[in-house]
Amino acid sequence: MEKRLGGKLEKIPQKIRNLDAVFKPSSIAVIGASREPNKIGHVIVKNFIDGGFGGKVYPINPNAEEILGLKAYKSVLEIKEKVDSAVIAIPAAAVAGALEECGKKGIKGVVLISGGFSEVGNHKGEKKLAEIANRYGMALIGPNCMGVITPASRVDSVFLPIYKLGRPRVGPISFISQSGAVGGCIVDLASRAGIGMNKFVSYGNAAVVDECDLLEYLATDKGTQIIVVYLEGVKDGRRLLEVARRITRKKPVVVIKAGKSAAGAEAAKSHTGSLAGSSEAYRAAFKQSGMIEAQTLEQLFDFAKIFDQVLPCGNRIGIITNGGGMGVLATDSIEDEGLQLSKFSEETVAQLKASLPPYANARNPLDIIGDADSHRYEIAINALMKDESVDVILLIILFQTAAIDSSVVNIAIRASDLQKKPIIAVCTGGEYTEMHKRILESYGIPTYASPSSAMRSISRFIKYAEHYSKYNEMKCPVPIKTQK
Amino acid sequence: MIDFSLLSKYGIAVAPYKLVRKPHEAISASAEIGFPVAMKIVSPDALHKTDKGGVVVGIGSSHEAEKAYGTLMERFKGVKTEGVLVQKMVGKGAVELIIGGKKDPQFGQLIMLGMGGIFVEVYKDVTFRVCPITAEDAAEMISELRSHSILEGARGRKPVNKAALINALISASKLLQGENPSEFDINPLMADEKGCVAVDMRILY
């Protein structure tokens, strides 16, 4: 496999190519598989079986004949058939030996769950692992990580029970997380919210495969349309900048950087020195590489999920609402984010006046009034879809009214499926609302609980569209340029 | 340390200056540069000169020049000094900016642009990029400043020469990559409709 990089052909390193074995193996060995229900090695085997993994699973345990109904092996070398991938969850001292055997067996991808390496000062042990993996060209994820989830191929090495940590549906977002704990709870939240995920990786100490390698892999991964990154630190900031710069030309990358202490800036002797902490450096690198920076965990997926919609051709927002106050709040947020309230064309105004009740105001924000039913939403959406002075449709649906029912969701989905203009929904409310939000999300319509959080995401969306349009042809009536 | 020749080497304009060590040198240098001038103490022990009374501005005559030199010598008696810098007073009505640099352990040289002067750390109206920067990066930096409308000519001012400022940023980025200092400041950089001129600088390796 080769790819073009700055005009010259460059080979993708073997460890990155071999990540295929980690994400979509047809056979997997679980080293440290256990009969004890509370052991990590048990949960992993169980998750592969219960999750519906279509390939072969080989439990490895020197003291067991059978685990969860599967024949157990003493070592991977005992298995006659070809094995693509391995998950290792055994004490640190035994890892090097097991890894060496994986190499000998021709296993290409390894997820190493076990801790006890550089995170506790055992740098020597970790170096040894890297040496073994590199000698065989294996893609090694970890150590000290939670592993991977690929919903499409039902690969799931995360050692948390499925009933405790929800698994997301298949979707366009791939998420790489340095922290297993943070990664895990975000996956849980995303799956509850109905957000789809393509791949999840908790990469831990990154002894061999690091964040840049994963980004390189996801850049060319067909299932991944959107990349989300949780970072604590990086090994090589310059490389991150260069890799991300290349990727953001094709796919949006949303990033959060944890650990923004001002340490290091204290001993400064100049003005600049005292103002430049590590967070300024990261922020600068994110901007220069076209990455989208999130400040909070909530924003991480708020920003990412919006990219399931077609990119906007400009920054003019058209608002449809069945609650006047929400329209006002949305208009305020437009101003806060430096976006524009669209001015509807004369045709749109005339058409709306003809088809809406006389007490509805045919202006932006378009208040179709509290007695609006799905049909009225349909009229409004169709009108704004046609109007060339609207780049993004903000659809505010308050589900509390008597006239609204679930059919409004179908109308929104049908409009979104046309892939003509982005449709973003704001639904504020309790259980009944949440249920409809989940349906909208599962059809790729991003939903937000407030106009301000929607608009914050829309502004990132538009900024990225501008960035993207510099490197790619976009199907827009006029070349994208935000109107001032 | 102060090294104006470094700025000139990378094509950053510096307000005309001369380093003097005697009262009569101060007078002749002032006349040569042309009034009004400013005088600044040059001392490795006086980092933030303004705070310690190490800068005298608005010197309009030979007589005032002699007096200012004497004042500075008196104030810094017993402090290790390398002399006094006589410098042309420039930038009446200009915007005071700062261009800075810092070596970051992860990303290497960072460049900073901000609203300059003595209150840089109070206003914190600054923005950063990783070096090297492009003209596009530089233009973005300028528009990212909160006080960016001042540069565009708020309250009847003439807008600053943006092309010159972009050039200064690119030159500073080259300087940072070429010299690889641990910290670097040009503060203030006086920017007006004609261009930008460095008035003070500091570089630490």
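The listed protein sequences correspond, in order, to chains C and U.
The numbering of the first sequence is the working numbering, which starts it at 876 and goes up by one.
The numbering of the second sequence is the working numbering, which starts it at 3 and goes up by one.
Glycine residues also receive a C-beta, built at the ideal position from the N, C-alpha and C atoms.
Q: Can you give me, in chain order, the residues of the region 126-154 of chain U that have a beta carbon less than 7 Å from any beta carbon in chain C?
A: Of all residues in the region 126-154 of chain U, only K126, V128, F130, R131, V132 and D139 place a beta-carbon less than 7 Å from a beta-carbon of chain C.
Q. Using a C-beta to C-beta distance shorter than 8 Å, which residues of chain U count as neighbours of C:R1158?
A. F130
Q) Taking 8 Å as the cut-off, does the CB of C:A1160 come closer than this to any heavy atom belonging to the ligand GTP? A) Among the components of this structure there are no ligands whatsoever, and the ligand GTP is therefore not found.
(Q) To be precise: take each residue of the region 87-106 of chain U, compare its Cβ to all Cβ atoms of chain C, and keep it if any distance is under 7 Å. Which residues remain? (A) I100, G102, G103, K104 and D106
Q. Leaving out five residues before and five after C:I1288 in sequence, what residues of the same chain have Cβ atoms less than 6 Å from its Cβ?
A. Y1318
Q) Excluding the five sequence neighbours on either side, which residues of its own chain have a C-beta within less than 6 Å of the C-beta of C:R1124, listed in chain order? A) Residues Y1346 of the same chain have their beta carbon placed closer than 6 Å to that of C:R1124, with the five preceding and five following residues left out of the count.
Q) What three-state label does DSSP hand C:K980 in the structure shown? A) helix
Q: Using alpha carbons as the reference points, say which of C:E1117, C:R1158 and C:V1128 lies closest to C:G1134.
A: C:R1158
Q: Please confirm whether C:A1065 and C:I1048 have their CB atoms less than 9 Å apart.
A: yes
Q: Find the residues of chain U that neighbour C:L1116, judging by a C-beta separation of less than 8 Å, and give them in chain order.
A: F109 and V132
Q) So which residues on chain C does U:L177 lean against when the C-beta distance must stay under 9 Å? A) Those within 9 Å of U:L177 in chain C number zero; the least Cβ separation is about 13 Å.
**Q.** Contact belief for C:G1004 with C:A1082 at Cβ below 8 Å, rounded distance in angstroms
**A.** At residue 1004 of chain C the sequence reads Leu, which differs from the Gly that was named. With a Cβ gap of about 5 Å, C:L1004 and C:A1082 count as contacting.
Q | CB contact check: C:R1289 to chain U, cutoff 9 Å | A | no
**Q.** 9 Å Cβ cutoff met for C:A1169 and C:V1130
**A.** yes
(Q) Given this structure, state the Cα-to-Cα distance separating C:I915 from C:R1191, to the nearest angstrom. (A) 51 Å
Q | Reference C:K1296, options C:N938, C:C1188, C:S1153 and C:K931, closest by Cα | A | If we check each option's Cα against that of C:K1296, C:C1188 comes out closest.
**Q.** Contact set between C:G1369 and chain U, taken where Cβ atoms lie within less than 9 Å
**A.** Because chain C is modelled from 876 through 1359, residue 1369 of chain C falls outside the range shown and cannot be assessed.
Q. Which term fits C:R1042, buried or exposed, when burial requires 16 or more other beta carbons within 10 angstroms of its beta carbon?
A. buried
Q.
Between C:E1341 and chain U, is any beta-carbon pair separated by less than 9 Å?
A. no
Q.
With a threshold of 6 Å on Cβ separation, who are the neighbours of U:P25 within its own chain once the five nearest residues in sequence on each side are excluded?
A. E68 and Y71
(Q) Helix, strand or coil, according to DSSP, for C:Y1307 in the structure here? (A) Secondary structure of C:Y1307 (DSSP, three-state): helix.
(Q) Strictly under 9 Å for the Cβ-Cβ distance: is C:E1155 near chain U by that measure? (A) yes
Q: Any chance you could list the alpha helix (DSSP H) runs of at least 4 consecutive residues sitting entirely within the region 1223-1268 of chain C, in chain order?
A: 1249-1261
Q: Identify the contact partners of C:Q1163 in chain U, using a Cβ-Cβ distance below 7 Å as the criterion.
A: R131, V132 and D139
(Q) Rounded to the nearest angstrom, what separates C:L1216 and C:I1209 at their Cα positions? (A) 7 Å
Q) Given a threshold of 16 other Cβ atoms within 10 Å of its Cβ, counted over all protein chains shown, does U:N189 qualify as buried or as exposed? A) buried
Q: Could you please give me the residues that DSSP links to C:P934 through a beta bridge?
A: C:V905
**Q.** Per-residue DSSP class, three states only, for C:S950
**A.** coil
**Q.** Inside the region 121-202 of chain U only - beta strand (DSSP E) runs reaching at least 3 residues
**A.** 128-132, 185-193 and 198-200
Q: Tell me whether the beta-carbon of C:N936 lies closer than 9 Å to the beta-carbon of C:S901.
A: no
Q) Would a check of beta-carbon distances place C:G1213 closer than 9 Å to chain U? A) no
(Q) Can you check which of these residues, U:T83, U:K164, U:D5 and U:A170, is closest to U:P46 by C-alpha distance? (A) Scanning U:T83, U:K164, U:D5 and U:A170 for the CA closest to the CA of U:P46 turns up U:T83.
**Q.** CB contact below 9 Å: C:Y1346 versus chain U
**A.** For C:Y1346, the answer is no, since every Cβ of chain U falls outside 9 Å of its Cβ.
Q) Any Cβ of chain C within less than 9 Å of the Cβ of U:M41? A) So no, U:M41 is outside the interface.
**Q.** Buried or exposed by the 16-neighbour rule on C-beta atoms within 10 Å, applied to U:M3
**A.** exposed
Q.
At the 9 Å Cβ level, is U:M114 part of the contact set with chain C, yes or no?
A. Taking Cβ atoms only, chain C reaches closer than 9 Å to U:M114, which makes this a yes.
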